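Residue numbers for the sequence shown follow the numbering used here, beginning at 2 and rising by one.
Using N, Cα and C, we set each Cβ at its ideal position, and we do this for glycine too.
Since the structure is predicted, the reported quantities are computational estimates derived from the model, not experimental observations.
For reference, the structure discussed in these notes is given below.
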Amino acid sequence: MIENIDDNFGILMEKLDEWELWEDTLVIFMTDNGQAGRSAKLNGEKISLFTAGFKTGKGSPYEGGTRVPAFWRWKGKLREGIDINALTAHVDLFRTFATLSGTLIPAGIQKLDGRDMLRLLNNPNANWADRHLFIHKGRWDKGEDPNLSKFTDCAVRTERWRFVNNRVLYDISNDPYEKKDVSSQYPEVVAQLRGVYDAWWEETLPLMVNENRPYTKEQPQWVRYEQQKRDRGIPDWNEPDI
2 MIENIDDNFG ILMEKLDEWE LWEDTLVIFM TDNGQAGRSA KLNGEKISLF TAGFKTGKGS
62 PYEGGTRVPA FWRWKGKLRE GIDINALTAH VDLFRTFATL SGTLIPAGIQ KLDGRDMLRL
122 LNNPNANWAD RHLFIHKGRW DKGEDPNLSK FTDCAVRTER WRFVNNRVLY DISNDPYEKK
182 DVSSQYPEVV AQLRGVYDAW WEETLPLMVN ENRPYTKEQP QWVRYEQQKR DRGIPDWNEP
242 DI
């Protein structure tokens, strides 16, 4: 899969050059979660998947499940060749896109999560206040009290700390691979992060629609794809006329 994405991303970049669209196109390469799965097989042999040393992977509240890359390029508009280490998240995309496109966010929806990242994209040392980011993966059965899942696969993240499952604290700035629980050394941090998580939960719970519904045994899109591949084949990509 990675090789396929790499090949096709290269084709995209070549076409943007050919069509002279780089100065009019913002390209972002990112993922939605950490490594999917803990292991795989190659030629029948079990192999470990690359996690860059981070703890666990997709579906977990640890760094390995939620820390992802994001590469941005907009020729002539964004500064190139810089690394940004500030704590950002998917919730920052909307405001950033609004600024980049010159779109005014209506006053009625000004209360949005997220920040405008444009100043960081051009200056990685720009002022960026610390913040709390919340992770919660809990799913509950239909009719079950959601509060029973309040601390199911959850975390609070700040620039320095990650508080996981209401009990484990990691000093991410000094321990990015989450090897040592320091909750007993910093009880005041635990109390503070637990407090902000409690407040977040109370505010967001009325908005959650997260009852655990069973997946369908048959995925319609997979069935149609396999049928098309069997009956007509998958056509080659046709270059658009631009």
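Where residue i sits in the DSSP three-state scheme
{"i": "S174", "result": "coil"}
{"i": "W223", "result": "helix"}
{"i": "W202", "result": "helix"}
{"i": "V165", "result": "strand"}
{"i": "R120", "result": "helix"}
{"i": "W141", "result": "strand"}
{"i": "I48", "result": "strand"}
Among the options, the one whose alpha carbon lies nearest that of residue i
{"i": "G77", "options": "T205, N123, F98, W201", "result": "N123"}
{"i": "K143", "options": "P221, E46, M209", "result": "M209"}
{"i": "W201", "options": "F135, D8, L121, R140", "result": "F135"}
{"i": "R195", "options": "V169, K181, T217", "result": "V169"}
First through last residue of the alpha helix (DSSP H) which encompasses residue i
{"i": "F152", "result": "Unbroken run through F152: none, as it is neither H nor E."}
{"i": "E64", "result": "64 to 67"}
{"i": "A99", "result": "94 to 101"}
Nearest-angstrom Cβ-Cβ length linking residue i and residue j, presumed shorter than 8 Å
{"i": "I83", "j": "P125", "result": "5 Å"}
{"i": "P62", "j": "A156", "result": "4 Å"}
{"i": "R68", "j": "F55", "result": "6 Å"}
Residue i - containing beta strand (DSSP E), residue span
{"i": "L134", "result": "134 to 137"}
{"i": "M14", "result": "Run containing M14: none in the beta strand (DSSP E); it sits in the alpha helix (DSSP H), 3 to 19."}
{"i": "A71", "result": "71 to 74"}
{"i": "F30", "result": "28 to 31"}
Short Cβ contact (7 Å threshold) for residue i with residue j
{"i": "E64", "j": "E160", "result": "no"}
{"i": "M31", "j": "A87", "result": "no"}
{"i": "L79", "j": "T100", "result": "no"}
{"i": "E163", "j": "Y171", "result": "Per the sequence presented here, residue 163 reads as Arg, with Glu not at that position. Against a cut-off of 7 Å, the Cβ pair of Y171 and R163 comes out as a contact."}
{"i": "H133", "j": "V197", "result": "yes"}
{"i": "K59", "j": "G35", "result": "yes"}
{"i": "N175", "j": "F152", "result": "no"}
Chain C contact for residue i (CB, 7 Å cutoff)
{"i": "E64", "result": "Absent from the structure: chain C. Only one protein chain is present."}
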